[in-house]
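To start, the structure under review is shown below, and the notes come after it.
There are 2 protein chains.
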Amino acid sequence: MQRYFVSPERMSDRAVMLTDEDARHFARVLRGKPGDRFIACDGAGRDALAEATRVGPDAVEAKVVRFLTESNEPPWAVTVAQSLPKGDKMEAVIQKGTETGAAAFWPFVSRRTVVEYDEAKEARRLARWRKIAKEAAEQAHRSAVPEVAPVMEWKDLLGRFALFDLVLFCYEEEGRRGKGLRTVLAEHRDRLAGGERPGGRPRLLIVIGPEGGFTAEEAEEAARAGAVWTGLGPRTLRTETAAPAALACLAYESGEMGR
Amino acid sequence: MQRYFVSPERMSDRAVMLTDEDARHFARVLRGKPGDRFIACDGAGRDALAEATRVGPDAVEAKVVRFLTESNEPPWAVTVAQSLPKGDKMEAVIQKGTETGAAAFWPFVSRRTVVEYDEAKEARRLARWRKIAKEAAEQAHRSAVPEVAPVMEWKDLLGRFALFDLVLFCYEEEGRRGKGLRTVLAEHRDRLAGGERPGGRPRLLIVIGPEGGFTAEEAEEAARAGAVWTGLGPRTLRTETAAPAALACLAYESGEMGR
Chain A
26 MQRYFVSPER
36 MSDRAVMLTD
46 EDARHFARVL
56 RGKPGDRFIA
66 CDGAGRDALA
76 EATRVGPDAV
86 EAKVVRFLTE
96 SNEPPWAVTV
106 AQSLPKGDKM
116 EAVIQKGTET
126 GAAAFWPFVS
136 RRTVVEYDEA
146 KEARRLARWR
156 KIAKEAAEQA
166 HRSAVPEVAP
176 VMEWKDLLGR
186 FALFDLVLFC
196 YEEEGRRGKG
206 LRTVLAEHRD
216 RLAGGERPGG
226 RPRLLIVIGP
236 EGGFTAEEAE
246 EAARAGAVWT
256 GLGPRTLRTE
266 TAAPAALACL
276 AYESGEMGR
Chain B
26 MQRYFVSPER
36 MSDRAVMLTD
46 EDARHFARVL
56 RGKPGDRFIA
66 CDGAGRDALA
76 EATRVGPDAV
86 EAKVVRFLTE
96 SNEPPWAVTV
106 AQSLPKGDKM
116 EAVIQKGTET
126 GAAAFWPFVS
136 RRTVVEYDEA
146 KEARRLARWR
156 KIAKEAAEQA
166 HRSAVPEVAP
176 VMEWKDLLGR
186 FALFDLVLFC
196 YEEEGRRGKG
206 LRTVLAEHRD
216 RLAGGERPGG
226 RPRLLIVIGP
236 EGGFTAEEAE
246 EAARAGAVWT
256 GLGPRTLRTE
266 TAAPAALACL
276 AYESGEMGR
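Going line by line, the protein sequences match chains A and B.
In terms of this note's numbering, the first sequence opens at residue 26 and continues consecutively.
In terms of this note's numbering, the second sequence opens at residue 26 and continues consecutively.
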């Protein structure tokens, strides 16, 4: 069934309204009529089964049939800090990372990031990334749209490590000789125990380097700021493959594919 | 260090020769000179550290310094059967799947495959897929190039299930309500025990459906042919995301990211 993310003010306990692109999609692409159903998500984890009552080209009114209790959100809230890759690869990271369960994306600039940063184009690019996250969340049947933050500097990223229960610094050197993701998660199991956190999910940050990798100095800075060096196996992953692969493994470890 | 896959007849115990594109890459792109080193892989798992002795634009002669004992090949040989996706997504599956450790790719046509199959263009497309596998294997530091088979029919694929120790049929319905990958692997642990197989690695097949998913009839046919229905978590993955995500989880489970 088609899912739409609507802003919370357009969804009450009884009614939902689709506007703009979503209304056009329902009316024209799906040829929705009164009586047809869809799922409306407020993006904060509340999903409603809705039935259209009035269908116009710019607005669709619907009543809430019932709220769905089942959430498709992962038990761990994983933020992806991605060093800005070349070309349109950030779009692939956001699309695939949304499917594999990311809670948020934080693009950043590190020493070997080769992309030139253009402030004038920045707003448009960010809007595009957010649109990709929204569409991917709808397609993947998620109950929340991952946040996409504006591009930040390496130093700012380091300063935010303290917000997380566990920061996984994906370091290629560690993949070959050091500790793999599974070992790291086992060693820090206590930090991920859900019961200790009032009402919240464990918060993880995975930090992915650019095409050329992190410098040894950056790896040291990350460790001093509290990150744990983590390998993703013996083979070198491209920068845009790393986050979806790590997210899949975290879904596997956190119980989303059984025990 | 740069890796090149050379055919076994160009690699003896003492010497290696690069030809064609690889020679041009070494001579022109890397500006390699006598004394410079590279890694030569025979594609069957034997990797040699080589040192150039004569560099020409069409051929590079090198001596073997030593063979590398460390292999980057996964402990499980995982073949990916991928229902042919739209556009150039098969290329993404091969590239990302090679990084995440696939042993082979078998594209196939199922009921809801929407790609038209054009026999005239087939040879060129297959050559392109194989080139992508070779380049991705070099970049990912693999010791073997995954095989890419010509497109096969669903019935032929079913007939080959018997070649594997475990066939994982990735079924979207199973992701939501049924058994996840981790549960399935735990239930069939005995089939993956390496010791029982003389000299070989356990052989797994993962079967991925097209954009529209498998039909219920295909799912039944797969089960009758010996496959186990497997979910990859509660969120719907795009067809081109499924194989790399499953391969990452298999690497995680098989011990490539620690214990």
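Every residue, glycine too, gets a C-beta built ideally from N, C-alpha and C.
Quick caveat, the model's predicted, so the values are computed rather than measured.
Delimiting residues of the alpha helix (DSSP H) encompassing B:Tyr-179: Per the sequence shown, residue 179 of chain B should be read as Trp rather than Tyr. Start and end: 179-184.
List the residues of chain B that A:Met-282 touches, going by C-beta distances under 8 angstroms, in chain order. Per Cβ cutoff of 8 angstroms: Gly-205, Leu-206, Arg-207, Thr-208, Gly-256, Leu-257, Gly-258, Cys-274.
What residue range is occupied by the uninterrupted beta strand (DSSP E) comprising A:Tyr-277? Where A:Tyr-277 is concerned, there is no enclosing beta strand (DSSP E), although the alpha helix (DSSP H) it sits in stretches over 264-278.
Does any residue of chain A bring its CB to less than 7 angstroms from the CB of B:Leu-262? Yes - at least one Cβ of chain A is within 7 angstroms of the one on B:Leu-262.
List, in order along the chain, the chain A residues whose C-beta lies closer than 8 angstroms to that of B:Pro-132? Correct list: empty, because the minimum Cβ distance to chain A is about 20 angstroms.
Along the stretch 155-175 of chain B, where does the CB come closer than 8 angstroms to a CB of chain A? Name the residues. Gln-164, Ala-165, His-166, Arg-167
In chain order, which continuous runs of the alpha helix (DSSP H) of length 4 or greater are located wholly inside the stretch 33-79 of chain A? Considered as a whole, the stretch 33-79 of chain A harbours 45-49 as its complete alpha helix (DSSP H) runs of no fewer than 4 residues, in chain order.
Under 6 angstroms from any heavy atom of the ligand HEM, does the C-beta of B:Leu-217 make it? This structure lacks the ligand HEM, and indeed carries no ligand of any kind.
Note down the Cα distance separating A:Thr-78 from A:Val-54, rounded to an integer number of angstroms. 18 angstroms
Name, going along the chain, the residues of the stretch 100-125 of chain B whose beta-carbon falls closer than 7 angstroms to a beta-carbon of chain A. For the stretch 100-125 of chain B, residues whose beta-carbon sits nearer than 7 angstroms to a beta-carbon of chain A comprise Lys-121, Glu-124, Thr-125.
Boundaries (first-last residue) of the beta strand (DSSP E) holding B:Leu-285: The requested residue 285 of chain B does not occur in the structure, where chain B is confined to residues 26 to 284.
When you compare only the Cα positions, how much space is there between A:Val-80 and A:Ala-165? 25 angstroms
To the nearest angstrom, how far is it from the Cα of A:Met-177 to the Cα of A:Cys-195? 18 angstroms
Run of the beta strand (DSSP E) containing B:Lys-88, from where it starts to where it stops: 84-93
Candidates B:Leu-230, B:Thr-261, B:Glu-124: which alpha carbon is nearest A:Gly-126's? B:Thr-261
Does the stretch 104-113 of chain A touch the stretch 148-166 of chain A, meaning 3 or more C-beta pairs lie closer than 8 angstroms? The stretch 148-166 of chain A and the stretch 104-113 of chain A do not touch, with fewer than 3 CB-CB distances between them shorter than 8 angstroms.
Which two residues bound the contiguous alpha helix (DSSP H) that contains A:Ala-145? 144-164
Nearest-angstrom Cα separation, counted from B:Trp-131 out to B:Val-140: When rounded, the distance between both Cα atoms is 16 angstroms.
Delimiting residues of the beta strand (DSSP E) encompassing B:Thr-104: 102-108
Below-7 angstroms beta-carbon distance, A:Ala-270 vs any chain B residue: Output row for A:Ala-270: interface = yes.
Min CB distance A:Thr-266 to chain B below 7 angstroms: yes
When DSSP labels each residue in this structure, what does A:Leu-210 get in the three-state scheme? helix
Residues in its own chain within less than 7 angstroms of A:Ile-157 by CB, not counting five upstream and five downstream? Glu-116, Ile-119, Gln-120
Proximity winner among B:Thr-264, B:Gly-237, B:Glu-163, B:Arg-49, relative to B:Ala-84 (alpha-carbon distances): B:Arg-49
Provide the residue span of the beta strand (DSSP E) that contains A:Val-134, from first to last. 129-134
Quick one, which of B:Leu-257, B:Gly-283, B:Val-31, B:Ala-273 has its alpha-carbon nearest A:Pro-290's? Limits of chain A in this structure are 26 at one end and 284 at the other, which puts residue 290 of chain A out of reach.
Grouping DSSP H, G and I as helix and E and B as strand, with all else coil, what is B:Leu-257? coil
Limits of the unbroken beta strand (DSSP E) element including A:Val-176: Element bounds for A:Val-176: n/a, residue is neither H nor E.
For A:Thr-94, does the count of other Cβ atoms within 10 angstroms reach 16, so buried, or fall short, so exposed? When all chains shown are included, A:Thr-94 counts as exposed.
Report the rounded CA-to-CA distance for A:Ala-129 versus B:Pro-235, giving the unit in angstroms. 28 angstroms
Is it true that the CB of B:Leu-191 sits closer than 7 angstroms to the CB of B:Arg-216? Yes, they are a contact pair.
Using a Cβ-Cβ distance cut-off of 7 angstroms, determine whether B:Tyr-277 contacts chain A. yes
Who are the Cβ neighbours of A:Ala-52 in its own chain at under 6 angstroms, not counting the five residues just before and after it? For A:Ala-52, where only same-chain residues beyond five positions count, the Cβ hits under 6 angstroms are Val-80, Pro-82.
If you count every other CB in all the chains shown that lies within 10 Å of the CB of A:Ser-37, and 16 or more means buried, which is it? exposed
Does DSSP put B:Val-192 in a helix, in a strand, or in coil? strand
Give me whichever residues DSSP pairs with A:Gly-283 in a beta bridge. A:Glu-281
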